[in-house]
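Trainee: I'd like to ask you about the structure that follows.
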Amino acid sequence: MKNFGLDIWANKNFIIEDGKIRLNYKSMPSLLDITQTIRNKDVRGPLLLRFPHLIKKQIRSLYTHFDHAIEQNNYKGSFQAVFPLKVNQFPHVVNAVVEQGKKYNYGLEAGSKAELILAMAKTPQGANITVNGFKDKEMITLGFIAAQSGHTITLTIEGLGELETIIEVAQESSLQIPNIGIRVRLHSAGSGTWAKSGGMDAKFGLTSTEMLEAITLLKEANLLKYFTMIHFHIGSQMVDIAPIKKALREAGNFYAELRMMGATSLENINIGGGLAVEYDQHSHKRSHNYSIEEFSSSVVFALGEIMNAKGVQHPNIFTESGRFIVASHAVLITPVLELFSQDYHEKFLKFKEVNPPLIEELRELYKLLNNKNCIEYLHDALDHIESLHTLFDLGYIDLQDRSNAEILVHNIIKKSLHLTSLNTQELQELQVNLQERYLINASVFQSLPDYWGLKQHFPVMPIHHLQSQPLRAASLWDITCDSDGEIGFDPQKPLFLHDINLEEDDYFLAFFNVGAYQETLGMQHNLFTHPNEYTIKIDDTGYEIINEVESLSVVEILTTLGYAQENILHKLKETLLQSNFRTEQEKSDTLSKLETYLSQNGYLRTTN
Numbered sequence: 025m026k027n028f029g030l031d032i033w034a035n036k037n038f039i040i041e042d043g044k045i046r047l048n049y050k051s052m053p054s055l056l057d058i059t060q061t062i063r064n065k066d067v068r069g070p071l072l073l074r075f076p077h078l079i080k081k082q083i084r085s086l087y088t089h090f091d092h093a094i095e096q097n098n099y100k101g102s103f104q105a106v107f108p109l110k111v112n113q114f115p116h117v118v119n120a121v122v123e124q125g126k127k128y129n130y131g132l133e134a135g136s137k138a139e140l141i142l143a144m145a146k147t148p149q150g151a152n153i154t155v156n157g158f159k160d161k162e163m164i165t166l167g168f169i170a171a172q173s174g175h176t177i178t179l180t181i182e183g184l185g186e187l188e189t190i191i192e193v194a195q196e197s198s199l200q201i202p203n204i205g206i207r208v209r210l211h212s213a214g215s216g217t218w219a220k221s222g223g224m225d226a227k228f229g230l231t232s233t234e235m236l237e238a239i240t241l242l243k244e245a246n247l248l249k250y251f252t253m254i255h256f257h258i259g260s261q262m263v264d265i266a267p268i269k270k271a272l273r274e275a276g277n278f279y280a281e282l283r284m285m286g287a288t289s290l291e292n293i294n295i296g297g298g299l300a301v302e303y304d305q306h307s308h309k310r311s312h313n314y315s316i317e318e319f320s321s322s323v324v325f326a327l328g329e330i331m332n333a334k335g336v337q338h339p340n341i342f343t344e345s346g347r348f349i350v351a352s353h354a355v356l357i358t359p360v361l362e363l364f365s366q367d368y369h370e371k372f373l374k375f376k377e378v379n380p381p382l383i384e385e386l387r388e389l390y391k392l393l394n395n396k397n398c399i400e401y402l403h404d405a406l407d408h409i410e411s412l413h414t415l416f417d418l419g420y421i422d423l424q425d426r427s428n429a430e431i432l433v434h435n436i437i438k439k440s441l442h443l444t445s446l447n448t449q450e451l452q453e454l455q456v457n458l459q460e461r462y463l464i465n466a467s468v469f470q471s472l473p474d475y476w477g478l479k480q481h482f483p484v485m486p487i488h489h490l491q492s493q494p495l496r497a498a499s500l501w502d503i504t505c506d507s508d509g510e511i512g513f514d515p516q517k518p519l520f521l522h523d524i525n526l527e528e529d530d531y532f533l534a535f536f537n538v539g540a541y542q543e544t545l546g547m548q549h550n551l552f553t554h555p556n557e558y559t560i561k562i563d564d565t566g567y568e569i570i571n572e573v574e575s576l577s578v579v580e581i582l583t584t585l586g587y588a589q590e591n592i593l594h595k596l597k598e599t600l601l602q603s604n605f606r607t608e609q610e611k612s613d614t615l616s617k618l619e620t621y622l623s624q625n626g627y628l629r630t631t632n
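The opening residue of the sequence shown carries number 25 in our numbering; numbering runs sequentially from there.
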């Protein structure tokens, strides 16, 4: 995995220079410099760094590629997009999306009452709001209120009952009627982990029979002129382009048929989300098989071809791709607190003036190891260690000899695994057996919940020490009291990290592409909460750290669960003061420590 797969997943957003990973933008600050600047303020624990210029880049890329495809294919409709709030509702994300999307009239999508209120408050006039998901009368009325307030809003119905409620609200009030969309339940299904979003057994959408009934209801209520959009969604993070093309053909024919049935206000096809992001670091395990260029071209060409064949007006194309927009903007920085297998470090070698012959042979093997002889020498080393263990059992070598032998063999294996291009069962087992456990000051459940729930890998790499070759097969342990809080070593997707003496140096890992879903799905397992977050604005001369949001303190965490802060503090102090202290100063110092600990976040505060 050259350079931790940077050329696979980073989209030229990051580069390695002088042994550090840097933002590939304007003044090109290093993640290490940003991290150290923040930590110099006595901040400990994980850090979430936001880079709004990457949101801008993705919005521009989405619109540019679709506009280019429209021009190249002589397509007569326009392209528009909305950001689905469920992907990340955090204020500094939504504000960045709205600000960076103003130029394009980029809108917002809501799937609940709270999200709809947020969309109404944040969406600029003229930009679109789409509303998906199940709705009651109150939520539908909010849609009418949004339209009355001047918003361009489309309520997408998920069932005939919702359409009947829209008709009811329209008849009961004189509020502006919003645009009406209908989600189509396609026969086509998606691909990947979220494929169940499409297909005939999908959770949402109307069948063809229900679609015909919906048209009848709209005509009878004299609301057919408000029917402006059909919508479909076949899955998030779609890995394969083929099902997308199939779904487009099916949805395109739905659109054409409905237009020919008299739905003349129908001018939009919303193709939902699902535009994939590359999470993998290994070329043989890429997350998807298409590019944004192919995706946009395929959508425009397929819809244009169907409409031309049917003699129907080209629809405007809407997308709701949220992961594509915000995944890359957030980076999680985690300090490494401890390595659990450093007993085989070279610094512990203590050779004698005269060593047993097999130990001298191991020294020579280690010295001469290269990519041509590594497998042969590895087998020699494994054979030698068996002999040396036997010699120790028989009393012919002492404990220091045994220690030296184990360290040498361990390092010969480690170096051989890195040098060889082979991937045999034997080598995979050796990698697993020799892996190092790196304890990171973070919670997988809080910051990387998709790894815990779905085994979704995220690009991970050190932010420094990149001038030296990482040789340790690595698994990552988080600080929760849960054995599931581990990112285990996978021989099919191996992660190698550096041998670091943490008593002498810090070691920071960065997880990339964590800006979509991870924050909204993160859970407070063991009461570890959202980490400190910072927005980094980069210009030609440097960078500015803004929008600091501190992680909740221990007492604030307990308060969010319903515990009374005053009762907790009173009980702790009362119990403490009843105990015996050697001096009044010790009592005062202990109380002060207690108050300090309660005011800090729950992550560990070691030097690292």
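Don't be surprised by glycine CBs; every beta carbon is placed ideally from N, CA and C.
The structure presented is a predicted model; accordingly, all values stated were derived computationally and were not measured.
Within this structure, are the beta carbons of residue 297 and residue 329 separated by less than 7 Å?
Mentor: Within the sequence shown, the letter at position 273 stands for residue 297. Within the sequence shown, the letter at position 305 stands for residue 329. Their beta carbons are not under 7 Å apart, which means residue 297 does not touch residue 329 by this criterion.
Trainee: Below 7 Å between beta carbons: does that hold for residue 342 and residue 104?
Mentor: As a first step, residue 342 must be located in the sequence shown, where it is residue number 318. As a first step, residue 104 must be located in the sequence shown, where it is residue number 80. In this structure, the beta-carbon distance from residue 342 to residue 104 falls below 7 Å.
Trainee: Near residue 574, which residues of its chain fall below 8 Å by C-beta distance, leaving aside the five closest residues on each side in sequence?
Mentor: Numbered from its first residue, the sequence shown carries residue 574 at position 550. So the qualifying residues of the chain are 556, 625.
Trainee: Given residue 216, which residues of its chain have a CB within under 7 Å of its CB, disregarding the five upstream and five downstream residues?
Mentor: Mapped onto the sequence shown, residue 216 falls at position 192. Confidence at residue 216 is low in this model, with a pLDDT of 49, below 50, so its placement is unreliable and no value can be given for it.
Trainee: Suppose you measure from the CA of residue 175 to the CA of residue 158; what does that come to, to the nearest Å?
Mentor: Here residue 175 refers to the residue found at position 151 when the sequence shown is read from its first residue. Here residue 158 refers to the residue found at position 134 when the sequence shown is read from its first residue. Using only the alpha carbons, I get a separation of about 21 Å.
Trainee: I'd like the list of long-range same chain contacts for residue 125, defined as Cβ closer than 6 Å, with 5 residues on each side in sequence excluded.
Mentor: Residue numbering aside, residue 125 sits at position 101 when the sequence shown is read from its first letter. For residue 125, where only same-chain residues beyond five positions count, the Cβ hits under 6 Å are 83.
Trainee: Determine the burial state of residue 222: buried for a count of at least 16 other Cβ atoms within 10 Å of its Cβ, exposed for fewer.
Mentor: The residue labelled residue 222 in the question sits at position 198 within the sequence shown. Residue placement at residue 222 is poorly supported in this model, since its pLDDT is 47, which falls under 50; the coordinates still yield a value, given next. Buried: at least 16 other Cβ atoms inside 10 Å.
Trainee: Taking contact to mean 3 or more Cβ pairs, one atom from each stretch, closer than 8 Å, check whether the stretch 510 to 521 and the stretch 454 to 472 are in contact.
Mentor: Verdict: yes, contact present.
Trainee: For residue 408, report the span of its alpha helix (DSSP H) as first-last.
Mentor: The sequence position of residue 408 within the sequence shown is 384, counting from 1. That run of the alpha helix (DSSP H) goes 398 to 417.
Trainee: When the Cα atoms are used, what is the spatial distance from residue 94 to residue 340?
Mentor: If you number the sequence shown from 1, residue 94 lands on position 70. If you number the sequence shown from 1, residue 340 lands on position 316. Distance between the alpha carbons of residue 94 and residue 340: 10 Å.
Trainee: Is it true that the CB of residue 210 sits closer than 7 Å to the CB of residue 134?
Mentor: Mapped onto the sequence shown, residue 134 falls at position 110. Mapped onto the sequence shown, residue 210 falls at position 186. Not closer than 7 Å, so no.
Trainee: How about the stretch 560 to 571 and the stretch 491 to 503: do they share at least three Cβ pairs that are nearer than 8 Å?
Mentor: no
Trainee: DSSP three-state label for residue 364, please.
Mentor: The sequence position of residue 364 within the sequence shown is 340, counting from 1. DSSP places residue 364 in coil when its eight states are reduced to three.
Trainee: Going by C-alpha to C-alpha distance, which of 337, 405, 464 sits closest to residue 363?
Mentor: In the sequence shown, counting from the first residue as 1, residue 363 sits at position 339. Looking at the Cα atoms, 464 is the closest of the given residues.
Trainee: Could you tell me the distance, in whole angstroms, from the CA atom of residue 177 to the CA atom of residue 279?
Mentor: Taking the sequence shown and counting its residues from 1, one reaches residue 177 at position 153. Taking the sequence shown and counting its residues from 1, one reaches residue 279 at position 255. The alpha-carbon atoms of residue 177 and residue 279 are separated by roughly 20 Å.
Trainee: What do you reckon, are the CB atoms on residue 524 and residue 71 nearer than 7 Å?
Mentor: In the sequence shown, counting from the first residue as 1, residue 524 sits at position 500. In the sequence shown, counting from the first residue as 1, residue 71 sits at position 47. Going by C-beta atoms, residue 524 is not nearer than 7 Å to residue 71.
Trainee: Answer with buried or exposed for residue 483, where buried requires no fewer than 16 other C-beta atoms within 10 angstroms of its C-beta.
Mentor: Taking the first residue of the sequence shown as 1, we reach residue 483 at position 459. Classification of residue 483: buried, given that the 10 Å Cβ count is 16 or more.
Trainee: Give me the residue from 433, 146, 181, 320 with the minimum Cα distance to residue 251.
Mentor: Taking the first residue of the sequence shown as 1, we reach residue 251 at position 227. That would be 181, whose Cα lies nearest to the Cα of residue 251.
Trainee: So, helix, strand or coil for residue 189, using DSSP?
Mentor: To locate residue 189, count along the sequence shown from 1; it is residue 165. Of the three classes helix, strand and coil, the one that applies to residue 189 here is helix, per DSSP.
Trainee: Could you say which of 441, 229, 609 lies nearest to residue 395 if we only look at CA atoms?
Mentor: On the sequence shown, position 371 is the one that residue 395 refers to. When only C-alpha atoms are compared, the closest one is 441.
Trainee: Which same chain residues end up closer than 8 Å to residue 579 when comparing Cβ atoms and leaving out the 5 residues on each side of it in sequence?
Mentor: Within the sequence shown, numbered from 1, the residue matching residue 579 stands at position 555. So the list reads 589, 592, 593, 622, 623, once near-sequence residues are dropped.
Trainee: I want to know whether the stretch 289 to 308 touches the stretch 57 to 66 - three or more CB-CB distances under 8 Å.
Mentor: no
Trainee: Determine the contact status of residue 638 and residue 532, defining contact as a CB-CB distance below 7 Å.
Mentor: Residue 638 lies beyond the stretch modelled for the chain, which goes from 25 to 632, so this question has no answer here.
Trainee: Residue 171 and residue 350: beta carbons closer than 7 Å?
Mentor: Here residue 171 is taken as the residue at index 147 of the sequence shown, counted from 1. Here residue 350 is taken as the residue at index 326 of the sequence shown, counted from 1. Not a contact, by the Cβ cut-off of 7 Å.
Trainee: Tell me which residues share the same chain as residue 129 and place their Cβ nearer than 8 Å to its Cβ, disregarding the 5 neighbours each side in the sequence.
Mentor: By 1-based counting over the sequence shown, the position of residue 129 is 105. Result list for residue 129: 104, 148, 150, 151, 152, in chain order.
Trainee: Are the Cβ atoms of residue 537 and residue 352 separated by less than 7 Å?
Mentor: Here the question's residue 537 lines up with position 513 in the sequence shown. Here the question's residue 352 lines up with position 328 in the sequence shown. Yes. Within cutoff.
Trainee: Determine the extent of the alpha helix (DSSP H) in which residue 620 is found, giving its start and end residues.
Mentor: By one-based count along the sequence shown, residue 620 stands at place 596. It spans 608 to 623 - the alpha helix (DSSP H) in which residue 620 sits, taken as one unbroken run.
Trainee: For residue 466 versus residue 425, is the C-beta spacing smaller than 7 Å?
Mentor: Indexing the sequence shown from 1 puts residue 466 at position 442. Indexing the sequence shown from 1 puts residue 425 at position 401. The answer is no: Cβ separation not under 7 Å.
Trainee: Quick check on the DSSP output: what are the complete alpha helix (DSSP H) runs of length 4 or more inside the stretch 78 to 140, in order along the chain?
Mentor: Taking 4 residues as the minimum length, the alpha helix (DSSP H) runs contained wholly in the stretch 78 to 140 are 115 to 125, in order along the chain.
Trainee: Could you pull the start and end residues of the alpha helix (DSSP H) that residue 300 belongs to?
Mentor: Locating residue 300 in the sequence shown gives position 276, where the first residue counts as 1. Taken as a continuous stretch (DSSP letters only), residue 300 belongs to no alpha helix (DSSP H), as it is neither H nor E.
Trainee: For residue 43, which three-state DSSP category applies?
Mentor: Counting from one through the sequence shown, the residue named residue 43 turns up at place 19. Coil.
Trainee: Check each candidate in 399, 423, 432, 146 and name the one with the smallest Cα separation from residue 445.
Mentor: Reading the sequence shown from its first residue, position 421 is the one you call residue 445. Checked all of 399, 423, 432, 146; the closest Cα to residue 445 is 399.
Trainee: State the start and end residues of the unbroken alpha helix (DSSP H) segment that holds residue 62.
Mentor: Here residue 62 is taken as the residue at index 38 of the sequence shown, counted from 1. That run of the alpha helix (DSSP H) goes 55 to 63.
Trainee: Going by DSSP in three states, residue 209 sits in which element: helix, strand or coil?
Mentor: By one-based count along the sequence shown, residue 209 stands at place 185. Residue state, collapsed to three classes: coil.
Trainee: Is the CB-CB distance between residue 208 and residue 254 below 7 Å?
Mentor: On the sequence shown, position 184 is the one that residue 208 refers to. On the sequence shown, position 230 is the one that residue 254 refers to. Going by C-beta atoms, residue 208 is nearer than 7 Å to residue 254.
Trainee: Decide if residue 375 is buried, meaning its Cβ has at least 16 other Cβ atoms within 10 Å, or exposed.
Mentor: Your numbering for residue 375 matches position 351 in the sequence shown. Exposed, by the Cβ-count rule.
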